[in-house]
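See below for the structure under consideration.
There are 2 protein chains.
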Amino acid sequence: MTATIIDPSAVATEFRNSLRKEIAALPTPLRLLGLISGQSGPAHTYAEYTRRGCEEVGVSFELKNVARLEAEASVAAANADPNVHGVLIYYPVFGTEQDQYLRDSVDPGKDIEGLHSFWSRCLYENRRFIDAAQTKKAILPCTPLAILKLLEAAQVFDPSAPRPLEGRRVCIFNRSEVVGRPLASMLANDGAEVVSFDIDGPLSFSPGAGRAAHTVHETNIDRQAALAQADIVVTGVPSRSFERIAARELRPGAVCVNFSTFANFESDVRETARVFVPRVGPMTVTMALRNTLRLYQNGRG
Amino acid sequence: MTATIIDPSAVATEFRNSLRKEIAALPTPLRLLGLISGQSGPAHTYAEYTRRGCEEVGVSFELKNVARLEAEASVAAANADPNVHGVLIYYPVFGTEQDQYLRDSVDPGKDIEGLHSFWSRCLYENRRFIDAAQTKKAILPCTPLAILKLLEAAQVFDPSAPRPLEGRRVCIFNRSEVVGRPLASMLANDGAEVVSFDIDGPLSFSPGAGRAAHTVHETNIDRQAALAQADIVVTGVPSRSFERIAARELRPGAVCVNFSTFANFESDVRETARVFVPRVGPMTVTMALRNTLRLYQNGRG
């Protein structure tokens with residue numbers, strides 16, 4: 001077997017084409033504000049990707065370079081400005097816990113990254129709408145949502161099923177508050193049995209009964225056992241010292257996704273996996289744009 | 001000069017005596033729930049201090065040992081229980097960013113530690129009441145509040161003045177989100193000029209105009225210059241490798257407070273300082289009890 005390689009740019013293009021049409025039909029031009037601190041680094045690359053994504057879908061994008069101590073006031077001004085529809089902060093700003101404070105200072109109604117604790121709570125509690133009439137969808141965090149859409153593109157599940165990931169086993173290496181934990185929760189809320197590893201060890205995320213939120217449990221499963229049974233393997237380990245996942249560890253036919261900037265898989269996985277997604281980036285930006293549209297629609301509802 | 005040594009237990013006793021009377025006069029017995037995960041460590045010591053503090057002031061205290069994965073559900077149950085007046089979580093629970101999520105899951109109306117982002121925002125914006133009628137005081141975080149009360153005991157300012165710390169220069173070594181940053185903000189809101197050091201360098205916190213919140217600025221001041229001008233020096237560096245502050249660095253007559261479990265001052269500071277406060281712990285617990293009473297009063301207002 002030789003794995004199909006999914007290029008996230010190609011999947012992103014389909015989403016962007018569809019977004020462009022929807023955005024062009026809006027009565028108001030959408031406008032995003034990006035806040036960045038410092039002169040170089042990966043944050044600038046991500047901002048450049050955002051600019052291109054915005055151009056492609058017809059959203060106007062302003063990137064403002066701010067001193068770290070000005071960031072909070074800039075967020076407050078953007079929150080209050082009816083002509084700003086979404087705010088993106090490029091981290092690190094302080095590079096300390098204060099960045100989390102900053103993240104929660106964005107109005108959830110403009111938080112197109114879906115990282116505000118308001119949205120985290122919706123996700124963890126499996127609340128999919130923010131209004132009783134169920135017309136306003138909750139926002140999902142960009143990178144986990146991007147990964148879900150890439151798994152959909154890999155045809156590993158039927159998105160129209162009530163619990164699309166029912167019966168799927170997933171193994172995730174990363175349990176950060178911005179990607180790994182929300183991703184494990186999302187997939188378990190959709191029916192998957194997930195083993196989530198971080199530096200402290202594994203936890204298992206299991207589907208709840210019916211529409212109930214997933215539950216989380218301690219587990220002693222090790223990497224080998226978790227990988228051997230996984231239909232889907234997602235990695236996001238930001239370290240060269242991580243022992244890359246090799247073909248011999250995988251269940252034949254597994255779908256593998258890496259969202260780390262480091263290679264977390266050995267190149268031989270392409271011989272054992274059915275699908276390999278080497279990076280996620282372009283889809284993350286696209287999902288932020290999709291969230292912009294959704295938040296705009298929620299605000300008008 | 002030989003410094004006066006302030007024992008925080010003695011100051012705490014005065015507060016506890018007064019709290020005991022106020023609490024005894026309440027129509028309802030106050031009840032605290034402590035949540036702790038794991039079998040030993042400093043968290044257990046802090047919980048034991050809480051138990052003693054509660055006994056002294058007549059508050060009932062239940063310490064519940066929970067698995068880390070049960071903590072969130074226990075918080076939710078305590079939030080919903082009208083017979084629980086305050087919730088204390090003994091960290092670490094997860095030992096990751098998830099602890100911050102947990103911290104924000106406590107109902108602000110029961111967050112006697114004053115660590116919820118709701119209270120942080122009040123403090124950073126210098127909003128001292130949570131209602132328009134100004135009958136419900138905002139809660140301040142325990143350790144910064146404990147330090148302020150110890151400085152008051154050191155008679156370094158007049159607490160009845162409109163801006164009690166006007167003209168005072170302060171130097172703080174620690175800018176964590178739970179102590180150093182809120183402390184610098186509180187003192188600047190009260191009129192002090194503060195230089196705050198952390199591992200990344202200094203920032204200055206200055207009083208705002210009138211009742212406006214403090215402002216924060218970049219600064220190039222170094223340790224020597226900041227210490228030489230400081231009327232008040234507060235340390236909270238949790239590391240043996242920190243170069244302890246020596247007498248020769250201090251302005252004669254300075255008031256020195258250490259809240260770290262490590263000694264951050266050389267012993268010779270007792271010859272140069274006017275007041276030395278070697279630890280803060282008993283006052284932290286006492287301020288949590290004071291916050292319990294205040295939150296109860298806010299709830300009845």
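Note that the protein sequences, when read in sequence, are chains U and G. For the first sequence, the residue numbers in my numbering are 1 to 301. For the second sequence, the residue numbers in my numbering are 1 to 301. Virtual Cβ for every residue (Gly too), placed ideally from N, Cα, C. For clarity, every value in this text was computed on a predicted model and none was experimentally measured.
So, is the C-beta of residue i closer than 8 Å to a C-beta in chain U?
i, result
"G:L69", "yes"
"G:V111", "For the sequence presented, residue 111 of chain G should be read as Asp rather than Val. For G:D111, the answer is no, since every Cβ of chain U falls outside 8 Å of its Cβ."
"G:Q100", "yes"
"G:S40", "no"
Using a beta-carbon distance below 8 Å, is residue i in contact with chain G?
i, result
"U:V216", "yes"
"U:D107", "no"
"U:S120", "yes"
"U:R181", "yes"
"U:S239", "no"
"U:S117", "yes"
"U:D104", "yes"
Taking just the CA atoms, how far does residue j sit from residue i?
i, j, result
"G:E125", "G:A213", "5 Å"
"U:I112", "U:R51", "14 Å"
"G:Q224", "G:R248", "10 Å"
"G:P278", "U:P207", "51 Å"
"G:A226", "G:A254", "12 Å"
"G:V75", "G:D99", "12 Å"
"G:A188", "G:S105", "29 Å"
"G:V257", "U:R20", "59 Å"
"U:R251", "U:G201", "21 Å"
"U:T96", "U:S37", "14 Å"
"U:R180", "U:G299", "Checking the sequence, you will find Gly at residue 180 of chain U rather than Arg. Using only the alpha carbons, I get a separation of about 29 Å."
"G:H116", "G:C54", "22 Å"
"U:K137", "G:A24", "49 Å"
"G:T284", "G:A146", "5 Å"
"G:L26", "G:A12", "21 Å"
"U:E70", "G:L203", "13 Å"
"U:E152", "G:N65", "42 Å"
"G:P141", "U:C142", "33 Å"
"U:E72", "G:N264", "32 Å"
"G:Q155", "G:E177", "27 Å"
"G:P182", "U:E22", "45 Å"
If the cut is a Cβ gap below 7 Å, which residues of chain G does residue i touch?
i, result
"U:Y91", "None at all; the shortest Cβ gap to chain G is about 13 Å."
Can you tell me whether residue i is buried or exposed, with buried defined as 16 or more other CB within 10 angstroms of its CB?
i, result
"U:F129", "exposed"
"U:S60", "exposed"
"U:S260", "buried"
"G:S241", "exposed"
"G:H85", "buried"
"G:N291", "buried"
"U:M1", "exposed"
"U:D81", "exposed"
"G:G167", "exposed"
"U:A78", "buried"
"G:P108", "buried"
"G:N83", "exposed"
"U:T286", "buried"
"U:D222", "exposed"
"G:I139", "buried"
"G:N17", "exposed"
Listing by chain order, which chain U residues have their CB less than 7 Å from the CB of residue i?
i, result
"G:R168", "By Cβ distance, chain U contributes nothing, its closest Cβ being about 22 Å from G:R168, past 7 Å."
Residue i versus chain G: which residues are under 8 Å apart at the beta carbon?
i, result
"U:E97", "Q100, S176, E177"
The ligand ADP and residue i: does the residue's C-beta get closer than 7 Å to at least one heavy atom of that ligand?
i, result
"U:Q224", "In terms of ligand content, the structure shown is empty, and the ligand ADP therefore cannot be addressed."
Mind pulling the beta strand (DSSP E) runs of 3 or more residues that sit fully within the stretch 109–180 of chain U? 169–173
Segments of 4+ residues assigned as alpha helix (DSSP H) that fall wholly inside the stretch 209–239 of chain G: 223–229
Any chance you could list the beta strand (DSSP E) runs of at least 3 consecutive residues sitting entirely within the stretch 40–114 of chain U, in chain order? 60–65, 86–90
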